[in-house]
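Written below as structure tokens is the structure these notes are about.
Numbering (my numbering), first residue to last: 255 to 370.
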């Protein structure tokens with residue numbers, strides 16, 4: 255008899271074992287406030303990953319996306335730290351991201367290279 259969804263069940267079991275083990279080591283980890291706080295860290299990743307779903311499903315993945323996000327994050331931090339008001343810093347960061355995308359698209363179209 256073949257077990258259906260073997261690797262999915264193994265991953266779920268491993269997750270449960272991990273939660274129990276870390277909960278035994280640090281009981282504060284199983285506190286509801288701690289769980290909610292730790293999941294809020296993934297909101298930024300979700301905001302970035304959600305729009306990429308359509309790109310990945312359509313088969314047109316672009317691996318320069320991560321480096322563009324990194325550049326924009328650093329630019330936003332530097333702008334804000336240097337005293338630029340946050341709304342203006344966000345606008346300039348969005349323009350920087352659009353410029354990077356425009357340069358990337360221009361290079362892909364001009365050189366006719368594969369986009370990934």
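Cβ atoms here follow ideal geometry from the backbone N, Cα and C, with glycine treated the same way. Predicted model, so just to flag it, every value in this text is computed and none were measured.
query                                                                                                                                                                               : result
What is the rounded straight-line gap between the Cα of residue 334 and the Cα of residue 319?                                                                                      : 22 Å
How many angstroms separate the CA atom of residue 326 from the CA atom of residue 367?                                                                                             : 25 Å
Given 7 Å as the limit, tell me if residue 318 has its C-beta closer than that to any heavy atom belonging to the ligand ADP.                                                       : Inclusion of the ligand ADP in the displayed structure is not the case, the ligand content being empty and no account of it being possible.
Leaving aside the five residues before and after residue 283 along the sequence, list all residues of the same chain whose C-beta is less than 7 Å from its C-beta, in chain order. : 276, 277
Are the beta-carbon atoms of residue 355 and residue 322 separated by less than 8 Å?                                                                                                : yes
If I follow the unbroken alpha helix (DSSP H) through residue 368, where does it start and stop?                                                                                    : No alpha helix (DSSP H) holds residue 368; DSSP gives it neither H nor E.
At 4 residues or longer, what runs of the alpha helix (DSSP H) sit wholly inside the stretch 300 to 335?                                                                            : 319 to 335
What are the boundary residues of the alpha helix (DSSP H) that residue 287 is part of?                                                                                             : 286 to 293
Mind checking whether residue 343 and residue 330 have CB atoms under 8 Å apart?                                                                                                    : yes
Pick helix, strand or coil for residue 280, following the three-state DSSP scheme.                                                                                                  : coil
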